[in-house]
Structures are given as structure tokens and as C-alpha cells.
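Numbers 3 to 121, taken from our numbering, label the letters of the sequence shown in order.
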Amino acid sequence: MAFDAIGSIGSVGAGGVAGLGVQGVQGTGYLDSATSAGSAVTGASSGGNFATALTGAVDNLQQLQSTSKELAVSAVTGNLDDIHAATLASSRAQITLELVAAVRNKGVDAFNEIMRMQA
């Protein structure tokens with residue numbers, strides 16, 4: 003559920019931001035690779051798929067933050083033709099960071115709850 007939202011955040015595509023020629027802000031792609039491992043996920047393999055999806059989310063977050071930083075530097079130096087591209091990249095990186103942090107927090111909460119049940 004949470005990773006579907008990340009997939010919709012990065013739905014710009016290979017053409018860049020709305021055809022503006024800004025490259026680097028692309029769809030996530032990690033959701034497809036995580037689900038292509040098999041449609042029937044069972045037992046221990048589900049943990050591996052979750053780990054793959056989470057790793058992909060963090061990698062995507064790093065890419066979005068890098069792109070956002072590059073566009074922000076271009077905007078500050080005056081080399082950016084369209085400020086909307088920098089704004090979109092910044093917003094996309096911020097929302098993805100918030101989502102990844104929320105998933106991490108839910109994972110920690112679930113781990114703590116399991117530890118409480120075992121005690």
C-alpha cells in the first residue's frame with residue numbers, strides 16, 4: 003500500500019518533468035522489480051521482497067534528493083530555465099522522504115510490539 007504511493011509520486015517518466023527537458027526525475031521502477039520476482043509470495047520470500055522494496059525506496063529517495071539538489075544549485079546560480087522543475091523535484095523528494103520515514107516508523111513500532119508480546 004505505502005509503496006504504491008511512492009510509485010505514483012515518481013510517475014513523471016523517462017521524458018523528464020512534463021516534457022520540459024529536465025532529465026533525472028523519473029519513475030521509481032523498484033516496485034516493478036520487487037513484484038516481478040513472483041506473483042505468489044509466500045513464507046520467507048516475502049521478507050526478501052519487502053527488503054528489496056525498502057532498499058529500492060531508499061535508493062529512489064537518494065536519487066530524488068540528488069536531482070533536487072542539482073536543480074536547486076542550478077536555480078541559485080541562474081542556470082535553470084524553468085523554476086517549476088526545481089519545485090517539483092524538491093516536493094517529490096520531500097514527500098518521498100516523509101513516506102519512507104513513516105514506513106520505517108511503522109516497522110519499528112511493529113518490531114517493538116512483537117518484542118512486547120514475547121516478553
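Using N, Cα and C, we set each Cβ at its ideal position, and we do this for glycine too. Model, not experiment: these values are computed from the prediction.
Under 9 Å between the Cβ atoms of residue i and residue j?
| i | j | result |
| --- | --- | --- |
| A74 | V102 | no |
| S70 | A95 | yes |
| L56 | T98 | no |
Measure the alpha-carbon distance for residue i versus residue j and round it to whole angstroms.
| i | j | result |
| --- | --- | --- |
| A110 | S68 | As written in the sequence, residue 110 is Val, which differs from the Ala given in the question. Each residue's alpha carbon lies about 27 Å from the other. |
| F113 | R106 | 11 Å |
| K122 | T89 | A question about residue 122 goes unanswered here, because the residues of the chain that appear run from 3 up to 121. |
| N81 | M117 | 53 Å |
| G50 | A87 | 35 Å |
| F52 | I85 | 36 Å |
| M119 | A104 | 23 Å |
| D83 | T54 | 37 Å |
Starting from the Cα of residue i, find the closest Cα among the options and give me that residue.
| i | options | result |
| --- | --- | --- |
| S92 | D61, T54, Q65 and R118 | Q65 |
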